[in-house]
Structure formats: C-alpha cells, structure tokens
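*Asks:* Numbering (the numbering used here), first residue to last: 217 to 404. I have a structure I would like to understand better, so I am pasting it below and will then ask my questions one at a time.
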C-alpha cells in the first residue's frame with residue numbers, strides 16, 4: 217500500500233467512526249455531511265473526494281463492519297454441503313465463542329445494529345445467512361421447505377435475544393457463561 221492509499225484508508229476509517237458515533241445519538245436521515253466532517257476532523261471537500269452522499273458512507277461503514285467481523289474468524293469458511301451432519305450444526309462453541317468475543321470487543325456497534333436494524337440492513341443480512349448457511353444445512357437434515365423459515369427464526373432470534381440481553385448488560389457476564397446458556401437451550 218502506498219502513502220496515498222494509506223491516507224485514503226485512514227480518512228475513510230475516520231469517517232466510518234464519525235458516522236457510528238453520530239448514529240448513537242441521532243437518526244441516520246438527520247445526520248449531515250457537515251456533522252460527519254466535524255466529527256472526523258476532515259474538510260467537506262475530503263468527504264466528497266470519497267463519497268457522493270451519506271448513503272455511500274453508510275454502505276462503506278457496513279462493509280467495514282462486516283469485513284472486520286469475517287476477519288475475526290480464524291477458521292476457514294465451511295462449505296456446509298460437503299461436511300457431515302455433526303459438523304454442520306447450527307450453533308457450535310467453535311464458532312459461537314469467537315462470535316461472542318467479537319461482539320464484546322465491538323459492543324457499541326452491536327448496540328447500534330440492534331437499535332437501528334433498518335439502517336444496518338439486518339433483513340438483508342438474515343436473508344443472506346438463510347440462503348447461504350441455514351437452508352443448505354436444513355437440506356442436509358431433510359427438513360421440508362415449509363418448515364425451514366420457522367426453524368431459522370427459532371435459532372437466530374432465540375440466540376440473538378440472549379446476545380442482545382448480554383449486550384444490554386454491557387457484556388458483564390463471562391463469554392463461556394453466555395455460550396453455555398445458548399448451547400443448553402439448543403440441546404433442550
């Protein structure tokens with residue numbers, strides 16, 4: 217990465233962070249470019265060098281969060297179509313604990329995601345998760361098509377409810393404790 221690319225990257229990070237800070241106290245549609253620039257410590261011309269509008273910044277900010285999330289997992293992506301049933305369980309400590317560690321490290325962002333799901337496109341994320349992960353796993357277990365959505369919602373909404381309760385309490389409980397609660401409830 218050359219010097220100008222590094223400067224561009226650092227400026228983009230400043231604006232991503234500024235947007236997240238502003239979102240903590242204000243609805244997205246009321247955040248102005250002027251406020252973002254002031255919070256990031258950059259000129260308006262610098263903003264327009266990177267983005268045409270706040271929507272473009274929001275898209276980049278979400279991409280940055282997602283990239284950071286996926287990079288936090290050290291294990292390889294699993295092709296659920298080519299693993300055993302045991303390996304393709306929906307929720308397993310081997311990826312639940314790293315997920316909870318990431319959530320704890322990025323608690324502020326997850327509070328925003330929970331409080332402003334429409335801004336962060338949670339519905340699209342869940343649709344992608346269903347299509348790329350859950351549906352193929354449910355196929356492996358021969359689950360009928362008309363039951364898939366119900367099962368998906370049970371697992372995701374149940375686990376997320378526990379996780380967001382943990383976040384609401386500032387992630388004070390131990391990660392293993394929260395992981396065990398989720399695993400115990402899934403095992404029934």
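Beta carbons: idealized from backbone N, C-alpha and C, even for Gly.
Can you give me the Cβ contacts of residue 247 inside the same chain, cut-off strictly under 8 Å, excluding the 5 residues immediately before and after it?
*Replies:* Counting only Cβ-Cβ distances below 8 Å, and skipping sequence neighbours, we find 235, 238, 239 and 270.
*Asks:* Excluding the five sequence neighbours on either side, which residues of its own chain have a C-beta within less than 7 Å of the C-beta of residue 364, listed in chain order?
*Replies:* Closer than 7 Å at Cβ, skipping near neighbours: 351 and 354.
*Asks:* Return the CA-CA distance between residue 228 and residue 319, expressed in angstroms with no decimal places.
*Replies:* C-alpha separation (whole angstroms): 22 Å.
*Asks:* How long is the line joining the alpha carbons of residue 361 and residue 340, rounded to whole angstroms?
*Replies:* If I take the Cα positions, the gap works out to 20 Å.
*Asks:* Spatial neighbours of residue 263 within its chain, please: C-beta separation below 6 Å, excluding the five flanking residues on both sides.
*Replies:* For residue 263, where only same-chain residues beyond five positions count, the Cβ hits under 6 Å are 249 and 253.
*Asks:* So for residue 227, helix, strand or coil by DSSP?
*Replies:* Three-state DSSP puts residue 227 in a helix.
*Asks:* Going by C-alpha distance, which of 231, 322, 382 and 321 is nearest residue 275?
*Replies:* With distances taken between Cα atoms, residue 275 lies closest to 231.
*Asks:* Closest to residue 278 by C-alpha separation, out of 389, 344, 374 and 337, would be which residue?
*Replies:* Checking every option, the nearest Cα to that of residue 278 belongs to 337.
*Asks:* What does the Cβ neighbour count give for residue 393, buried or exposed, with the cut at 16 atoms within 10 Å?
*Replies:* With fewer than 16 other Cβ atoms within 10 Å, it is exposed.
*Asks:* In angstroms, rounded to a whole number, what distance separates the CA positions of residue 317 and residue 310?
*Replies:* So the alpha carbons of these two residues sit roughly 12 Å apart.
*Asks:* Could you check what DSSP says for residue 342 in three-state terms: helix, strand or coil?
*Replies:* Three-state result, residue 342: helix.
*Asks:* In angstroms with no decimal places, state the Cα-to-Cα distance between residue 366 and residue 373.
*Replies:* Cα-Cα distance, rounded: 10 Å.
*Asks:* In this structure, does DSSP put residue 387 in helix, strand or coil?
*Replies:* If DSSP states are grouped into helix, strand and coil, residue 387 belongs with coil.
*Asks:* My assumption, with CB atoms under 8 Å, is that residue 383 sits in contact with residue 330. Please give the rounded CB distance.
*Replies:* Residue 383 to residue 330, Cβ: 7 Å. Contact.
*Asks:* Which class does residue 433 belong to by DSSP, given the choice of helix, strand or coil?
*Replies:* Absent from the structure is residue 433, since the part of the chain shown begins at 217 and ends at 404.
*Asks:* Use the C-beta contact count for residue 261: other C-beta atoms within 10 angstroms, 16 or more gives buried, fewer gives exposed.
*Replies:* Burial call: exposed.
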